[in-house]
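J.: Heads up: the sequence shown runs through residues 346 to 709, numbered per the numbering used here. We put the CB at the ideal spot given by N, CA and C, even for glycine.
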Amino acid sequence: FVGDQQQYDIAMEIVDECPSLKYVVTYNPLVEKRADDKISMTWEEFLDWGEDADVELLNKRKESALPSDLMVLIYTSGTTGLPKGVMLCHSNFNAAILAHNMRIPSLNDETDLSLSFLPFSHIFELGWSVVCLANGIRIVINYNPKEIQKTVKEVHPTCMCSVPRFWEKVYTAIVNNVENAAPMVRMLFKRAIAVAKKREMKYVRTGKKVPMLLEKQYQYFDKKVYSRLRSAIGFEQPHLFPTAGAMLSDNITEFLRSIGLPIIIGYGLSETTASVSFVPDTNWELGTIGTPIPGVKVKIGDENEILVKGPTIMKGYYHKPEETAKAIDKDGWFHTGDCGAINEHGQLIITERLKDLFKTSNGK
C-alpha cells in the first residue's frame, strides 16, 4: 500500500528484487503509473476486487484466527546492529489497548481528535493510533512533518503523540516572542507563569485542592495569557499529549503543564508494544517516566538494566531466534538495554544506556 507518487516510485524500483511482492495498491488516484506497471491498482479497484472474494474462505480464515497470530512487524532502528523485525501479535495490541483504557479512561470518541505526524513505522505512533481507533477517536494524518505547526492550527487537535523536539520548538517560540515584547507584557507573562507553576506543581500535581485566591488568579491569567498561548499554537481544547522517544527537560515539562498543556511523559519500545510506563494524572514527578501500565511488570536487573514482563512483550525477532533468546530470558523478562531505577514512589527513572548510545530529542 502506497500513499503518494514517491512511495509508488520506490515500490516499483524494488519489484524485481522482491518476488513476494504481488500487488501495489495506491491510495492517491493522481499517482502516475509506469508504462510497464502490471501489478498496481487503485484503492477503489482494490475494493471492487474484494467484492468477488470467496466468502466461505474468508469465514474460515476468520474462524481460524488466533490472538497469537502476527499482526505487524516493526523494525528496530539498527543503532546497535542490523535492524531486527519485532513480531507483535494481536494479543499484544489487545493488552496495550486494555491497559491504556484503564490508565486513560477520559478518552472520548465524541470530543477527542488526534493528529498524527510521526511515522507509522515507529511503534509510538502506531500504538497510539491503535488505541485511538479502538476508542472511536478520529485521527487526522499530517503528511509533511515540516508543516506540523501549520496543521495543528488548522486541525486543533485535542490529542497528539510526539517527540520532545516538537515541544522544545513550541517553548522556544513562546519565550522568543515574550522576550521581544513590551516591558509591560514581559512583566505580566512572568507573573502569570509564576501563578501557573505554583498551582500546577504544589496543588494540581499532588491532587490537593487549589486555594481559592490562587485559583481566581489562575482563571484571570488563563483568560489573559494561557488561553492565548494555547490558541496561538492551535491547542484550544487540549486533552493529553503523550511524549516519548527521549526525555523532555523538566523546565519545559513544568512550563507546558502549568499553562494547560497536559504533557504525558512515557517510556516504551517496539518490543513492548510501545508503552511500558507513563506519568499518572496526579503525584507525577519531574525527571521520571512514570509508573508501569496495568498488566506490565518492571524490575531492575543486573547492571541496573530495566527488565519488563507482561502481555505486551513481543513474540520475538523475525527469523532471529538467537537474538530473541538474548532479549527475553527463560523467565519471560525482556531486557531493554536501558539502565534505570525505581524511586520510593514506584516511579521509573532512566539513567543511561548499557551501550554507549543516547537518543536525541527527535527520538533518534
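Could you check what DSSP says for F465 in three-state terms: helix, strand or coil?
T.: The three-state reading of DSSP puts F465 in coil, since its state is none of H, G, I, E or B.
J.: What does a CB cutoff of less than 8 angstroms around V431 pick up in its chain, not counting 5 residues either side in sequence?
T.: L418, I419, Y420, T421, I468, S615, E616, M659, Y662, Y663
J.: Leaving out five residues before and five after M505 in sequence, what residues of the same chain have Cβ atoms less than 7 angstroms from its Cβ?
T.: S459, L460, F586
J.: Express the C-alpha separation of G395 and F534 in angstroms, rounding to a whole number.
T.: 59 angstroms
J.: Quick check on this structure: which residue in V540, S409, V549, M546 has the alpha carbon closest to the alpha carbon of E569?
T.: Here residue 569 turns out to be Lys, not Glu, going by the sequence shown. The candidate whose alpha carbon is nearest that of K569 is V540.
J.: Are I610 and T588 closer than 8 angstroms when you measure CB to CB?
T.: yes
J.: In the DSSP output, which residue or residues are listed as bridge partners for Y420?
T.: G430
J.: Taking contact to mean 3 or more Cβ pairs, one atom from each stretch, closer than 8 angstroms, check whether the region 373–384 and the region 569–581 are in contact.
T.: no
J.: I'd like to know whether the C-beta atoms of D454 and T503 end up nearer to each other than 8 angstroms.
T.: no
J.: Spell out a yes or no on whether the region 672–686 and the region 647–654 are touching, meaning 3 or more CB-CB pairs, one atom from each, closer than 8 angstroms.
T.: yes
J.: Determine, for V400, whether the minimum Cβ-Cβ distance to residues of chain D falls below 8 angstroms.
T.: Although the question refers to chain D, the structure presented lacks it and comprises just one protein chain.
J.: Who are the near neighbours of E668 in its chain, counting only those whose CB is closer than 7 angstroms to its CB and skipping five residues on each side?
T.: K429, Y662
J.: Here's the rule: buried if 16 or more other CB atoms are within 10 angstroms of the residue's CB, otherwise exposed. What is H690?
T.: exposed
J.: Comparing alpha-carbon positions, which option in L402, S436, A440 lies nearest L411?
T.: Selected option, being the one with the closest Cα: S436.
J.: Based on the DSSP output, what are the partners of A410 in its beta bridges?
T.: Note: A410 sits in no beta bridge, so no partner.
J.: If we ignore side chains and look at the alpha-carbon of each, how far apart do M546 and K554 end up?
T.: 12 angstroms
J.: Would a C-beta distance cut-off of 8 angstroms place P490 and F465 closer than the cut-off?
T.: no
J.: Do the region 370–380 and the region 347–360 meet, that is, are 3 or more Cβ pairs less than 8 angstroms apart?
T.: yes
J.: Could you pull out every residue in the same chain whose Cβ sits closer than 6 angstroms to the Cβ of Y571, ignoring the five residues on either side in sequence?
T.: Excluding positions up to five away in sequence, the list reads I604, G605.
J.: Among V523, T618, D399, A526, whose alpha-carbon lies nearest the alpha-carbon of L471?
T.: T618
J.: Check for me: the alpha helix (DSSP H) holding I442 runs from which residue to which?
T.: 435–448
J.: Just reading off the alpha helix (DSSP H) that R698 is part of, what are its end residues?
T.: Boundaries for R698: no alpha helix (DSSP H) harbours it, while the beta strand (DSSP E) harbouring it runs 693–698, taken from the DSSP string.
J.: Using the DSSP secondary-structure output, state which residues sit across from R483 in a beta bridge.
T.: L458
J.: Where DSSP assigns a beta bridge to P637, which residues make up the other side?
T.: Partner(s): S622.
J.: Provide the residue(s) that pair with I645 in DSSP beta bridges, ordered along the chain.
T.: I651
J.: Sorted by chain position, which residues of the same chain lie with C-beta nearer than 7 angstroms to D414's C-beta, five sequence neighbours on each side aside?
T.: Taking D414 as the centre and dropping the five residues before and after it, the same chain places the C-beta of C434, H435 closer than 7 angstroms to its C-beta, in chain order.
J.: N649: which of I482, P556, I694 sits nearest, CA to CA?
T.: I694
J.: Using the three-state DSSP reduction, which class does L702 fall into: helix, strand or coil?
T.: In this prediction, L702 has a pLDDT of 46, which is less than 50 and means its spatial position is unreliable; what the coordinates show is noted afterwards. Coil, per DSSP.
J.: Given M416, which residues of its chain have a CB within under 8 angstroms of its CB, disregarding the five upstream and five downstream residues?
T.: Apart from sequence neighbours up to five positions away, the residues of its chain that approach M416 with a beta-carbon distance below 8 angstroms are L433, C434, H435, N437, F438, ordered along the chain.
J.: Using 8 angstroms as the threshold, is the region 386–406 in touch with the region 353–371, meaning 3 or more CB pairs across them?
T.: Output reads yes: the region 353–371 touches the region 386–406.
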